[in-house]
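A.B. asks: Its first residue numbered -10, the sequence shown is counted upward by one per residue in this note's numbering.
A virtual CB, placed ideally from N, CA and C, is assigned to each residue, including glycine.
Because the structure is a prediction, the values reported are computed rather than measured.
Questions regarding the structure given below will be posed in turn.
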Amino acid sequence: MQTPIIDYINLLLETVGEDSGEVASYIPELARADPDRLAIAMATLDGEVYVAGDCDVEFTIQSISKPFTYALAIADQGLDVVLKHIDVEPSGDAFNEISLDPVTGKPRNPMINAGAIASHALVRGDDAEARVERILELYGRLAGRPLTIAEDVFESELSEADRNMALAYMLRTAGTLDGDPTDVVRGYTRQCSVSVTVRDLARMASVLAAGGRTPNGDQVIDSDVNRQVLSVMATCGMYDSAGDWLTSVGIPAKSGVAGGLMGVLPGQVGIAVFSPRLDAHGNSSRGVRLFERMNRDLGLHLMAGPETSSSVSRRIERDGATVHEIMGDLHFSEGEQVLRVFAKEPPGDTPVIVDLDRVHRANDIARRSVLEGIRRLNLDGHDVRIVDPWGVLGTAETGTGELVRGEQARGGYVPASYPDVESALRG
Ligand code: DON
């Protein structure tokens, strides 16, 4: 069988319809691009990549580099330092607007050129070459293959980089840029000239969707930094059409003037599209339409309100004990449902078995809720026994395991643990 996903993405390309807009021409080399190229790729978090159209055609990453370099700047300097240099407010302006926030004197966000030039300058490295080497190393790890720079596009953009130079000098006079503006613009332009395919971009997006982790389990971007990057992409990634985008597509995204467009559905998938003609905001015009269609077909929108599970737990009385079978992935609302069921348990000394065999993941608040519920059942007199073969209550997914164990210890109660319900019943 061929998976229908391949048929679906081919159908998307066949039915996207007429193109409008023009290819970017302020970078002379981009004006030579074939305007009719069209490609799409979807990368799952476990490393499957579905592609259709001109999926092996290389183009320059351009502004899609900005979120990744922002991540590196935060990793190098810490979020506080980066926030002292660059705000995180949507600007409502064009991507290359020559402006700083009138109150803070900083670039409004790292997705417009002013903020992206400032982020580039915050990457560790003595000069443009050193910074770009580290940037290429990061992008290559995210893409899963070494990436290189399209030298022709780089030379072409640098020869016409007056506007970005103006931005860099403006940042310098405002005190938000420490380095030499010429060197910083050189490095930033090289960063924008990294050559990618839609496959690469989809895979890079899938790492953001996976909280910064590659399909091989390599945590390339710290999960807190990743969250910061996605938040800024959601509010500022599509420039002065960020509001239209968030309402009509509803996922963090970033566009580039070479025609790339990358979207991230957290926890699920990374998607990239390539089509060089741009709309008035500098975003790929067919790319935007394809994402709008995917939102309708695939239910991408983050605000669509995912349904919480209604059958999180089942209470069974067995052999003189009460068994609470808990199931599904647990977050705050599922943890609250478990606590509500625990709260109905009458006080007494009957054994209570909390069976987590059907739970594969619990986030930090759900873990803490279940552990606190267990502690309170014990305070009510119950002999609580847990069956947690997957270690969801004690294993640290995001480095929080120590906290959970610490709290458990402070609660003064470590419930007895069993491999299965049968042995828990035997006690
Ligand atoms: O700095 C520039 O103008 C380009 N290197 C990148 C701009 C860009 O991709 C805008 N996005 N759609």
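1. Quick one, are the C-beta atoms of Gly94 and Ala194 less than 9 Å apart?
2. I'd like the list of long-range same chain contacts for Arg350, defined as Cβ closer than 6 Å, with 5 residues on each side in sequence excluded.
3. Which residue or residues does DSSP assign as beta-bridge partners of Ala424?
4. Mapping DSSP to helix, strand and coil, what is Glu386?
5. Quick check: does the Cβ of Ile87 come within less than 8 Å of any heavy atom belonging to ligand 1?
6. Alpha carbon to alpha carbon, how far is Ala405 from Ala28? Give it in angstroms, no decimals.
7. His313 lies in the beta strand (DSSP E); which residues open and close that run?
8. Taking the C-alpha atoms as reference points, what is the distance between Leu267 and Ser237?
9. With a threshold of 6 Å on Cβ separation, who are the neighbours of Arg304 within its own chain once the five nearest residues in sequence on each side are excluded?
10. Flag Tyr(-3) as yes when its Cβ comes closer than 8 Å to any non-hydrogen atom of ligand 1, and as no otherwise.
11. Tell me whether Tyr228 is buried or exposed, calling it buried when 16 or more other Cβ atoms sit within 10 Å of its Cβ.
12. Taking all protein chains shown into account, do 16 or more other C-beta atoms lie within 10 angstroms of the C-beta of Thr162, making it buried, or fewer, making it exposed?
13. How is the beta strand (DSSP E) around Leu345 delimited, first residue to last?
14. For a test of your reading of the model: does the CB of Ser244 fall under 8 Å from any non-hydrogen atom of ligand 1? Yes or no.
15. How long is the line joining the alpha carbons of Met(-10) and Phe280, rounded to whole angstroms?
16. Spatial neighbours of Gly6 within its chain, please: CB distance less than 6 Å, with the 5 preceding and 5 following residues excluded, ordered by chain position.
17. Are the beta-carbon atoms belonging to Glu47 and Val246 less than 9 Å from one another?
18. Between which two residues does the alpha helix (DSSP H) carrying Ile124 extend?
19. Compute the Euclidean distance between the alpha carbons of Gly390 and Pro378, then round it to the nearest angstrom.
20. Ligand 2 and Glu144: does any heavy atom of the ligand fall closer than 8 Å to the residue's C-beta?
21. Is Asn153 near ligand 1, in the sense that its beta carbon is under 8 Å from a heavy atom of that ligand?
22. For Val196, report the span of its alpha helix (DSSP H) as first-last.
23. In or out: Phe321 buried (at least 16 other Cβ within 10 Å) or exposed?
24. Does the segment 94 to 103 come close enough to the segment 148 to 168 to have 3 or more Cβ pairs within less than 8 Å?
25. Could you tell me if Glu323 is buried or exposed, where buried requires 16 or more neighbouring beta carbons within 10 angstroms of its beta carbon?
26. Give the single residue among Pro96, Pro91, Val92 whose Cα lies nearest to the Cα of Asn85.
27. What number of angstroms, rounded off, separates the C-alpha of Ala22 from the C-alpha of Ala261?
28. So which of Ser264, Arg374, Thr178 has the shortest CA-CA distance to Ser145?
29. Closest to Phe264 by CA distance: which of Gly271, Tyr(-3), Arg275, Ala198 is it?
30. What span of residues does the alpha helix (DSSP H) with Glu149 cover, start to end?
31. Which value, in whole angstroms, describes the spacing of the CA atoms of Leu72 and Leu366?
32. Return yes when the Cβ of Arg192 is within less than 9 Å of the Cβ of Asp45, no when it is not.
33. I'd like to confirm something about Thr58: is its beta-carbon nearer than 8 Å to some heavy atom of ligand 1, or not?
34. Inspect the beta-carbon positions of Val40 and Leu127 and report whether they are closer than 9 Å.
35. Between the alpha carbons of Ile363 and Gly256, how many angstroms are there, rounded?
36. Would the beta-carbon of Ile29 be found less than 8 Å away from any heavy atom of ligand 1?
C.D. replies: From the atom records:
1. The Cβ atoms of Gly94 and Ala194 do not sit closer than 9 Å to each other.
2. Counting only Cβ-Cβ distances below 6 Å, and skipping sequence neighbours, we find Asp318.
3. Nothing in the structure corresponds to residue 424, since the chain is present only between -10 and 416.
4. Its pLDDT being 36, under 50, Glu386 is placed unreliably in this model, and the coordinates cannot settle the point.
5. Not a single heavy atom of ligand 1 lies less than 8 Å from the C-beta of Ile87.
6. The alpha-carbon atoms of Ala28 and Ala405 are separated by roughly 55 Å.
7. Where His313 is concerned, the enclosing beta strand (DSSP E) stretches over 310 to 316.
8. The straight-line gap from Cα to Cα measures roughly 18 Å.
9. Hits under 6 Å: His313.
10. Not one heavy atom of ligand 1 lies closer than 8 Å to the C-beta of Tyr(-3).
11. Buried: at least 16 other Cβ atoms inside 10 Å.
12. With fewer than 16 Cβ atoms within 10 Å of its Cβ, Thr162 is classed as exposed.
13. Where Leu345 is concerned, the enclosing beta strand (DSSP E) stretches over 340 to 347.
14. Ser244 Cβ: within cutoff of ligand 1.
15. Met(-10) and Phe280: Cα-Cα distance of roughly 27 Å.
16. Hits under 6 Å: none found.
17. For Glu47 and Val246, no; Cβs fall outside 9 Å.
18. Counting along the chain, the alpha helix (DSSP H) containing Ile124 begins and ends at 117 to 132.
19. Note that Gly390 has pLDDT 40, beneath the 50 cutoff, so the model's placement of it is unreliable and the number below is only indicative. If you take the alpha carbons of Gly390 and Pro378, they lie about 16 Å apart.
20. The model on display carries ligand 1 but not ligand 2.
21. Result yes, Cβ under 8 Å from ligand 1.
22. According to the DSSP assignment, Val196 belongs to the alpha helix (DSSP H) that extends over 187 to 198.
23. By the neighbour-count rule (16 or more Cβ atoms within 10 Å), Phe321 is not buried but exposed.
24. The segment 148 to 168 and the segment 94 to 103 touch, with three or more beta-carbon pairs separated by less than 8 Å.
25. Answer is buried; the Cβ neighbour count reaches 16.
26. Among Pro96, Pro91, Val92, the Cα nearest to that of Asn85 is on Pro96.
27. Computed Cα separation, rounded: 18 Å.
28. Selected option, being the one with the closest Cα: Thr178.
29. Per the sequence shown, the amino acid found at residue 264 is Ser instead of Phe. Out of Gly271, Tyr(-3), Arg275, Ala198, the CA that lies nearest to the CA of Ser264 is found in Arg275.
30. Following the DSSP letters along the chain, one finds Glu149 in no alpha helix (DSSP H), marked with neither H nor E.
31. One alpha carbon belongs to Leu72, the other to Leu366, and they sit about 45 Å apart.
32. For the pair Asp45 and Arg192, the CB atoms are not nearer than the 9 Å cut-off.
33. Not under cutoff, so the answer is no.
34. Taking C-beta atoms as the reference points, Val40 and Leu127 fail to come closer than 9 Å.
35. In a straight line, the C-alpha of Ile363 is about 29 Å away from that of Gly256.
36. Outside the cutoff, so no.
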